[in-house]
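Asks:
2 protein chains.
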Amino acid sequence: MEKLWTENLRKIEPYVPGEQSEDKDIIKLNANENPYPPSPMAEQAIKEFNADSLRLYPNANATELKQVLADYYNVKTNNIFLGNGSDDVIAVAFQALFNSDLPIVYPDLTYSFYPVWCSLFNIPYKTYPVDDDFRINVEDYKEKNGGVIIPNPNAPTSIGESTDFVEKLLEYNQDSVVIIDEAYVDFGGESSVELTKKYENLLVTGTFSKSRSLAGLRIGFAVGSEKLISVLEAVKNSYNSYTIDSLSIKAGKASILDDEYFKETCRKVIATREYVTAQMREMGFKVLDSSTNFIFATKDGCSMKDMFEYLKTKKVYIRYFSIPRIENYVRITIGTDEEMAIFLKELKGYLQK
Amino acid sequence: MEKLWTENLRKIEPYVPGEQSEDKDIIKLNANENPYPPSPMAEQAIKEFNADSLRLYPNANATELKQVLADYYNVKTNNIFLGNGSDDVIAVAFQALFNSDLPIVYPDLTYSFYPVWCSLFNIPYKTYPVDDDFRINVEDYKEKNGGVIIPNPNAPTSIGESTDFVEKLLEYNQDSVVIIDEAYVDFGGESSVELTKKYENLLVTGTFSKSRSLAGLRIGFAVGSEKLISVLEAVKNSYNSYTIDSLSIKAGKASILDDEYFKETCRKVIATREYVTAQMREMGFKVLDSSTNFIFATKDGCSMKDMFEYLKTKKVYIRYFSIPRIENYVRITIGTDEEMAIFLKELKGYLQK
Chain A
1 MEKLWTENLR
11 KIEPYVPGEQ
21 SEDKDIIKLN
31 ANENPYPPSP
41 MAEQAIKEFN
51 ADSLRLYPNA
61 NATELKQVLA
71 DYYNVKTNNI
81 FLGNGSDDVI
91 AVAFQALFNS
101 DLPIVYPDLT
111 YSFYPVWCSL
121 FNIPYKTYPV
131 DDDFRINVED
141 YKEKNGGVII
151 PNPNAPTSIG
161 ESTDFVEKLL
171 EYNQDSVVII
181 DEAYVDFGGE
191 SSVELTKKYE
201 NLLVTGTFSK
211 SRSLAGLRIG
221 FAVGSEKLIS
231 VLEAVKNSYN
241 SYTIDSLSIK
251 AGKASILDDE
261 YFKETCRKVI
271 ATREYVTAQM
281 REMGFKVLDS
291 STNFIFATKD
301 GCSMKDMFEY
311 LKTKKVYIRY
321 FSIPRIENYV
331 RITIGTDEEM
341 AIFLKELKGY
351 LQK
Chain B
1001 MEKLWTENLR
1011 KIEPYVPGEQ
1021 SEDKDIIKLN
1031 ANENPYPPSP
1041 MAEQAIKEFN
1051 ADSLRLYPNA
1061 NATELKQVLA
1071 DYYNVKTNNI
1081 FLGNGSDDVI
1091 AVAFQALFNS
1101 DLPIVYPDLT
1111 YSFYPVWCSL
1121 FNIPYKTYPV
1131 DDDFRINVED
1141 YKEKNGGVII
1151 PNPNAPTSIG
1161 ESTDFVEKLL
1171 EYNQDSVVII
1181 DEAYVDFGGE
1191 SSVELTKKYE
1201 NLLVTGTFSK
1211 SRSLAGLRIG
1221 FAVGSEKLIS
1231 VLEAVKNSYN
1241 SYTIDSLSIK
1251 AGKASILDDE
1261 YFKETCRKVI
1271 ATREYVTAQM
1281 REMGFKVLDS
1291 STNFIFATKD
1301 GCSMKDMFEY
1311 LKTKKVYIRY
1321 FSIPRIENYV
1331 RITIGTDEEM
1341 AIFLKELKGY
1351 LQK
């Protein structure tokens, strides 16, 4: 018989994190990680870090890092919120900003963590299906709601929407908080950060994990009005005062300051993406126009699940989702040119089987 | 007029983190930080860290770090939970384990974050006053409740209770989850980790921030039954899959492996604490018997608030709480012998004013 104390344990379906492998031979195109290392300036910041100072708590406001981000986005430090990866930032935002009895709304095909947070924080939600081309129809978002969250570019579809789209969304949702999740924006998307100056109810979130190659350090951020940021800070400070560790503050700062390296890395990923897209289309794949560091693709008459499993035997890991509507698509992270050459070779091998 | 969208913002009193100063001349005895640097092995782990690997997400389970902790405490890795500092660990535990309509219970004088988490997660709570000697009366904890959390040693009182006390607490609370918060245990307290093998409803939490001098890195942990840990993991994985960054995993691991350094550092802090306690008692202070890296003290006929403010002008920062029952006490973190000599000198200066 179950003991009485087990009655008060939270019943929640555990989210299972994606597959991780220690095998160095694997070509890992399944987690949207950047194939290039972080800025050498970030590396230097770690090497030069005074380890003795770790005996002290980090600066609770991570002011140094907020300052370079504020300068970068041309806002003030009290327009910036920082978290332990953008998952932490968005989780705090859900708790802080989505407290309505009305459902929050987002597209049916989107980041799989949104319903998980809704379940964890007891937030009602409703999804609007994307159309047959996987585009979000902004006209769907006119109904009264408890808040809006849309990733732009969207994942796993890779499609980016314009800032005109976002401005129309804001026009339709003047009574709601609107979150635009820009995890992938640096690979060719249109950022809505400038719109936060015009719309006090707009929060834009970002991450150092993709375009800045710092997934291992856990740095996410949000840009928004002082009003929104102050509520995020109040919730964060009620949870944990020191989320960003001292090393991440220094390395994150160095990454922002090395803008040349950042731009060059993004440019390389985009160039490779365009090449791989063209190659796959030549092979008969339907590849969506991507504004991200991954591509979303399918092929008529060809099982993507089977292809995914075949590539795995060749030590090329891509991502397959058994989710309705996209059960015959795969998501492929853009690696280096060398990695993508092997991917394309194995893909040809599969088609010629 | 307030806009409609502001209605759904969370109304919460922001917790204000303690004072931080960049002034290097300050003798900082106000945050219970360790005066000694982290293990040289942890420093080396950071210097030797392969920064290129930061482009990848950390291992979601932080297995390497869990393994050394499991070995250290003689348990299995599925008896270990890790978080972004012990505040994160306890916040997750509140969400995961305290889901009763009955109030959770804890002492009136204790860690100030407990009521903050109760407010954030809408958990009812009730406090039992500690006695006039600031001791916790275990007989108070017989009433039916929604869970129990007790710091042992307690803060800010510095008093440690025995494992016999904890075992009696567990005997009285077989239908509740009992959390023992051992943030300060390594400075002479009695750890209840062994009891987690006997009591499935016991969770013991710890931190690398005090005794391991790694406050800057944010590593907290919990030890408990597989049942309790699996619920913590489910909630954590519904919030953020990658809380512990790659550098913290390596540096934390190195710290655990350097047990000799760890023990030597704790021994030094304890020796200094005993010396300062004796000196202050000679000066007429009432100093509680501490099992922590801080002391809690008062002096009849002397305003501790005034003394706190005087010491601040001398660049010696200690901690004063304007909290009923302890409004004439101060909390003093144990620094190096050199720092404490200056502290004692300034204290004499104040008394001779």
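Protein chains in written order, with this note's numbering: chain A, 1 to 353; chain B, 1001 to 1353.
Here a beta-carbon is modelled for each residue, glycine too, at the ideal position from N, C-alpha and C.
Computed from a predicted structure; not experimentally measured.
#1: Counting only C-beta atoms, is Leu1065(B) closer than 8 Å to chain A at any point?
#2: Alpha carbons only, please: which of Asn154(A), Phe134(A), Pro151(A), Tyr128(A) is nearest the one belonging to Lys142(A)?
#3: Quick one: Cα of Tyr36(A) to Cα of Val1223(B), how far?
#4: From the beta carbon of Tyr1128(B), is the nearest beta carbon of chain A less than 8 Å away?
#5: Should Pro1037(B) be flagged as near chain A, meaning a C-beta pair shorter than 8 Å?
#6: For the candidate residues Thr1298(B), Thr1292(B), Glu1338(B), Ile1256(B), whose alpha-carbon lies nearest to that of Gly1188(B)?
#7: With 16 other CB atoms within 10 Å as the buried threshold, where does Cys1302(B) fall?
#8: DSSP three-state label for Phe1296(B), please.
#9: Go to Ile1046(B), then tell me how far its alpha helix (DSSP H) extends in each direction, as first and last residue.
#10: Do you know offhand how far Ala278(A)'s Cα is from Ala297(A)'s?
#11: Check whether the Cβ atoms of Ala215(A) and Glu33(A) sit closer than 8 Å, and answer yes or no.
#12: Is any beta-carbon of chain B found at less than 8 Å from that of Ile80(A)?
#13: Report yes or no: do the segment 1001 to 1009 of chain B and the segment 1167 to 1185 of chain B share at least 3 C-beta pairs separated by less than 8 Å?
#14: Judging by CA-CA distance, which residue of Leu1347(B), Ser1290(B), Phe1134(B) is the nearest neighbour of Met1283(B)?
#15: Along chain A, in chain order, which residues have C-beta atoms closer than 7 Å to that of Glu1043(B)?
#16: Under three-state DSSP, which class holds Leu257(A)?
#17: With which residues is Gly85(A) paired in a DSSP beta bridge?
#18: Considering only residues of the same chain and omitting the five flanking positions on each side of Ile295(A), which have a CB-CB separation below 8 Å?
#19: Can you tell which of Leu54(A), Gly206(A), Glu233(A) has the C-alpha that lies nearest to the C-alpha of Ile256(A)?
#20: Compute the Euclidean distance between the alpha carbons of Phe360(A) and Lys305(A), then round it to the nearest angstrom.
#21: How close, in whole Å, do the beta carbons of Lys250(A) and Phe49(A) come, if the pair is a contact with beta carbons under 8 Å?
#22: Just tell me which of Asp1300(B), Ala1060(B), Glu1339(B), Ile1323(B) has its CA closest to the CA of Lys1314(B).
#23: Could one say the Cβ of Ser112(A) lies closer than 8 Å to chain B's Cβ atoms, at least one of them?
#24: Closer than 8 Å, CB to CB, is Ala91(A) near chain B or not?
#25: Please look up how many angstroms separate the CB atoms of Ala1155(B) and Glu43(A), rounded, as I've assumed it's under 8 Å.
#26: To which residues of the same chain is Glu1233(B) closer than 8 Å at the C-beta, ignoring the five residues directly before and after it?
#27: Within the same chain, show all residues whose beta-carbon is closer than 6 Å to that of Asn173(A), passing over the 5 residues directly before and after it, in chain order.
#28: Which residue marks the beginning of the alpha helix (DSSP H) containing Thr1109(B), and which one marks its end?
#29: Given that Glu233(A) touches chain B, what residues does it touch there, using C-beta distances under 8 Å?
#30: CA-CA distance, Glu260(A) and Ile90(A)?
#31: Measuring only the C-alpha atoms, how far is Ser1021(B) from Glu1200(B)?
#32: Would you kindly check if the distance between the Cβ of Ile244(A) and the Cβ of Asn84(A) is under 8 Å?
#33: Who are the near neighbours of Pro1151(B) in its chain, counting only those whose CB is closer than 7 Å to its CB and skipping five residues on each side?
#34: Distance, Cα to Cα, Val1016(B) vs Pro124(A)?
#35: Taking Cβ positions, are Leu78(A) and Glu226(A) nearer each other than 8 Å?
#36: According to the Cβ coordinates, are Asn240(A) and Asp1087(B) closer than 8 Å?
Replies: So, to answer that:
#1: No, Leu1065(B) lies away from the interface with chain A (no Cβ there is under 8 Å from its Cβ).
#2: Tyr128(A)
#3: 37 Å
#4: no
#5: Yes, Pro1037(B) lies at the interface with chain A (some Cβ there is under 8 Å from its Cβ).
#6: Thr1292(B)
#7: exposed
#8: The answer is strand: DSSP assigns Phe1296(B) an E or B state.
#9: For Ile1046(B), the uninterrupted alpha helix (DSSP H) segment begins and ends at 1040 to 1047.
#10: 12 Å
#11: yes
#12: no
#13: No, the segment 1001 to 1009 of chain B is not in contact with the segment 1167 to 1185 of chain B.
#14: Leu1347(B)
#15: Ala51
#16: helix
#17: According to DSSP, Gly85(A) bridges with nothing at all.
#18: Ser158, Arg273, Val276, Thr277, Met280, Val287, Leu288, Arg331, Ile332, Ile334
#19: Gly206(A)
#20: Absent from the structure is residue 360(A), since the part of chain A shown begins at 1 and ends at 353.
#21: 6 Å
#22: Glu1339(B)
#23: no
#24: yes
#25: Wrong, their Cβ atoms sit about 38 Å apart, outside the cutoff.
#26: Phe1081
#27: Val148
#28: Here residue 1109(B) turns out to be Leu, not Thr, going by the sequence shown. Careful: Leu1109(B) lies outside any alpha helix (DSSP H) and carries neither H nor E.
#29: Ordered by position in chain B, the residues that pass the 8 Å Cβ test against Glu233(A) are Pro1014.
#30: 28 Å
#31: 43 Å
#32: yes
#33: Thr1110, Tyr1111, Asp1181, Ala1183
#34: 31 Å
#35: The displayed chain sequence assigns Asn, not Leu, to residue 78(A). Going by C-beta atoms, Asn78(A) is nearer than 8 Å to Glu226(A).
#36: yes
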